[in-house]
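Last residue of the sequence shown: 475 in this note's numbering, with the numbers rising by one and none dropped.
Here a beta-carbon is modelled for each residue, glycine too, at the ideal position from N, C-alpha and C.
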Amino acid sequence: MVTSRNHYAVLGVGQEASIETVREAYRRLAREYHPDRTMGSAAGSDKMPAINEAYRVLSDPARRAVYDASLRSGTASPSAPSGSTTTSAADFDPRRDGPGDEAMREWRYQHPEGPARVPWRMLTICSAIAIVVIVVLAQFGDPGEPGAPDGVLRNGDCVEILPNTDAREVACQGEGDLVVRQFIAFDRQCSNGWTPHRDRQGMGVACIEPRPPETG
């Protein structure tokens, strides 16, 4: 017999019942007490709202957790029709201190939000912008006097060609050095017949020519 004592009793299931068991119990009772079948019966029309409310709470893991906590603390109220002021995760307000709020705090403490999300899209965009800036500066910057190798290829740097054909910066030695004349993006072509080699760091393409003999 359907009773309004609590939601589990309304659906006729135990407190350990699975979601599928709750769903099957609801379907069975809904067929039995649906207004189309109980037309003209006051008993049927009185029971259906309680059945709907019980299913609404017990079929939702968050609402059910709050309800179970309120049962343990003795603050659970009898089943109410849908649309009542039953406390749920959506309408919890920490400024209130009414029945069920303590149960909600307990549930939220036991179910943390989880780790913060990493803004991968923003990090990817920033990395792409940084690569473009490095390529542009390397291409249009003044070669100047080559300094000590720092691993970042620029115009005028001396390089060696690795077995996989990548270019790696080395200290300049003099005549015969391989020198970066352009540093370009992967989708561009070297000018003046210079030989393209991929930067070892993967930042772009270095256009290489042998250092001309020193005169003087």
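Go ahead and label residue i buried or exposed: buried means 16 or more other beta carbons lie within 10 angstroms of its beta carbon, across all protein chains shown.
i, result
"leucine 288", "buried"
"methionine 307", "buried"
"leucine 396", "exposed"
"glutamine 274", "exposed"
"glutamine 441", "buried"
"serine 386", "exposed"
Identify the continuous beta strand (DSSP E) that holds residue i and give its terminal residues.
i, result
"alanine 426", "426 to 429"
"alanine 483", "Absent from the model: residue 483. The displayed extent of the chain is 260 to 475, so no value can be given."
"arginine 457", "454 to 457"
"valine 418", "417 to 420"
Do you know how far the Cα of residue j is from the Cα of residue i?
i, j, result
"histidine 456", "glutamine 432", "20 angstroms"
"glutamate 468", "isoleucine 390", "24 angstroms"
"valine 394", "alanine 324", "56 angstroms"
"valine 464", "serine 318", "59 angstroms"
"glutamine 448", "methionine 462", "15 angstroms"
"arginine 331", "alanine 284", "23 angstroms"
"arginine 286", "arginine 322", "20 angstroms"
"glutamate 419", "asparagine 451", "20 angstroms"
"proline 408", "aspartate 446", "26 angstroms"
"glycine 333", "histidine 293", "31 angstroms"
"isoleucine 310", "serine 277", "17 angstroms"
"glycine 478", "isoleucine 388", "Outside the shown range of the chain (260 to 475) lies residue 478, about which nothing can therefore be said."
"alanine 430", "valine 392", "24 angstroms"
Name, in chain order, the residues that DSSP records as bridge partners for residue i.
i, result
"phenylalanine 442", "Ala465"
With C-beta atoms as the reference, is residue i less than 9 angstroms away from residue j?
i, j, result
"valine 269", "threonine 280", "no"
"valine 439", "leucine 412", "yes"
"cysteine 417", "isoleucine 443", "no"
"aspartate 436", "arginine 459", "no"
"arginine 282", "tyrosine 326", "no"
"glutamate 428", "arginine 470", "no"
Identify the continuous alpha helix (DSSP H) that holds residue i and give its terminal residues.
i, result
"glutamate 291", "278 to 292"
"aspartate 319", "No alpha helix (DSSP H) holds aspartate 319; DSSP gives it neither H nor E."
"valine 269", "266 to 270"
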